[in-house]
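To keep things clear, I will list the structure first and then write my remarks on it.
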Amino acid sequence: MSESEESNLSRALARRGAHVTGIDIAPRLVEMARAKDPSGNITYQVADLCQPLPAYQDHFDLIASFFVFNDVYDYRGFLATLHSALKQAGRLVLFMNNPYSLMLRGYFTDYFAASGQTFPYRGMREEGVKVHFYHRTLEDYLAASISAGFQLQQLVDVPTPEGSFKRREETVIPEG
Numbered sequence: 001m002s003e004s005e006e007s008n009l010s011r012a013l014a015r016r017g018a019h020v021t022g023i024d025i026a027p028r029l030v031e032m033a034r035a036k037d038p039s040g041n042i043t044y045q046v047a048d049l050c051q052p053l054p055a056y057q058d059h060f061d062l063i064a065s066f067f068v069f070n071d072v073y074d075y076r077g078f079l080a081t082l083h084s085a086l087k088q089a090g091r092l093v094l095f096m097n098n099p100y101s102l103m104l105r106g107y108f109t110d111y112f113a114a115s116g117q118t119f120p121y122r123g124m125r126e127e128g129v130k131v132h133f134y135h136r137t138l139e140d141y142l143a144a145s146i147s148a149g150f151q152l153q154q155l156v157d158v159p160t161p162e163g164s165f166k167r168r169e170e171t172v173i174p175e176g
């Protein structure tokens, strides 16, 4: 996850009048996001979204998770927490990396056998945050979402326009 992407989405929603709560497991990322919101329009908090958050039971109309899902160690717990935090008619919007992308980049050769493998990111280390990319199949993610109580309404596969995403060489490092 990139703090700037997540907090940019939070700030964009807040500018449009939404009451935004930004939650991240990394204190450093929350600190960086707060610094970019000097007016204090957004409520930021450090919490592990893989664990239940009773204070937010049936609380949100909309939850947006921006390129975080692949970085979550316990994706089933994450989905369960998000589901419990949504109001009954609430919506979850997940932006995520295509699970097949690491195979296309040559990090493994068997998409299905590689499910469950972990790859460390380099990019966030410079900010003092240890982040991993967890490879799971699309089937793993969809099955866990349905099991958590979500109903898929739309799946959009969006290509990254050439040149719009700056990636350093070998941002993801295969272990072993």
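According to UniProt numbering, the residues represented by the sequence shown are 1 to 176, in order. Note that the Cβ used here is the ideal one computed from N, Cα and C, for glycine as well.
State buried or exposed for residue i, treating a residue as buried only when at least 16 other CB atoms are found within 10 Å of its CB.
i: Ile146; result: exposed
i: Lys130; result: exposed
i: Tyr44; result: buried
i: Ser4; result: Confidence at Ser4 is low in this model, with a pLDDT of 48, below 50, so its placement is unreliable and the value that follows should be read with caution. Classification of Ser4: exposed, given that the 10 Å Cβ count is below 16.
i: Tyr73; result: exposed
i: Gly176; result: Low confidence applies to Gly176: its pLDDT is 44, below 50, so where it sits in the model is not reliable, and the reading given next is rough at best. Label assigned to Gly176: exposed.
i: Ala55; result: exposed
i: Leu104; result: exposed
Considering just the uninterrupted stretch of the beta strand (DSSP E) at residue i, what are its terminal residues?
i: Tyr121; result: Taken as a continuous stretch (DSSP letters only), Tyr121 belongs to no beta strand (DSSP E), as it is neither H nor E.
i: Ile25; result: That residue, Ile25, is in no beta strand (DSSP E); it is neither H nor E in DSSP.
i: Gln57; result: No beta strand (DSSP E) contains Gln57, which DSSP labels as neither H nor E.
i: Thr109; result: Element bounds for Thr109: n/a, residue is neither H nor E.
i: Val46; result: Thr43 to Val46
i: Phe133; result: His132 to Tyr134
Whose C-alpha, out of the options, is nearest the C-alpha of residue i?
i: Gly77; options: Leu49, Leu62 and Arg91; result: Leu49
i: Leu138; options: Tyr100, Val93, His19 and Val156; result: Tyr100
i: Ser65; options: Leu86, Phe95 and Asp74; result: Phe95
i: Leu152; options: Arg91, Ile63, Phe119 and Arg105; result: Arg91
i: Val46; options: Tyr56, Asp24, His19 and Phe108; result: Asp24
i: Asn97; options: Asp71, Gln88 and Ala89; result: Asp71
i: Ile42; options: Leu79, Thr21 and Glu126; result: Thr21
i: Glu126; options: Ala14, Leu29 and Ser7; result: Leu29
i: Phe69; options: Tyr141, Ala55 and Val156; result: Tyr141
i: Leu155; options: Leu102, Ser115, Val93 and Ala55; result: Val93
i: Pro120; options: His132, Gly128, Tyr56 and Tyr111; result: His132
i: Ser158; options: Arg105, Phe67, Gly40 and Arg136; result: At residue 158 the sequence reads Val, which differs from the Ser that was named. Here the closest residue by C-alpha is Phe67.
i: Ala35; options: Leu62, Ala18 and Ser7; result: Ser7
Tell me which residue opens and which closes the alpha helix (DSSP H) that residue i is part of.
i: Arg76; result: Tyr75 to Ala85
i: Tyr141; result: Leu138 to Ser147
i: Ser101; result: Ser101 to Leu104
Among all the DSSP beta bridges, which residues are the ones paired with residue i?
i: Val93; result: Ala64
So residue i and residue j are supposed to be a Cβ contact under 8 Å. How far apart are they, rounded?
i: His83; j: Ala148; result: 5 Å
i: Gly11; j: Asp37; result: Per the sequence shown, residue 11 should be read as Arg rather than Gly. At roughly 6 Å, the Cβ-Cβ gap stays under 8 Å, so Arg11 and Asp37 are in contact.
i: Thr109; j: Tyr134; result: That belief does not hold up - the Cβ atoms of Thr109 and Tyr134 are roughly 18 Å apart, past 8 Å.
i: Tyr75; j: Ala144; result: 6 Å
i: Ala85; j: Gln51; result: Not really, about 12 Å apart at Cβ, beyond 8 Å.
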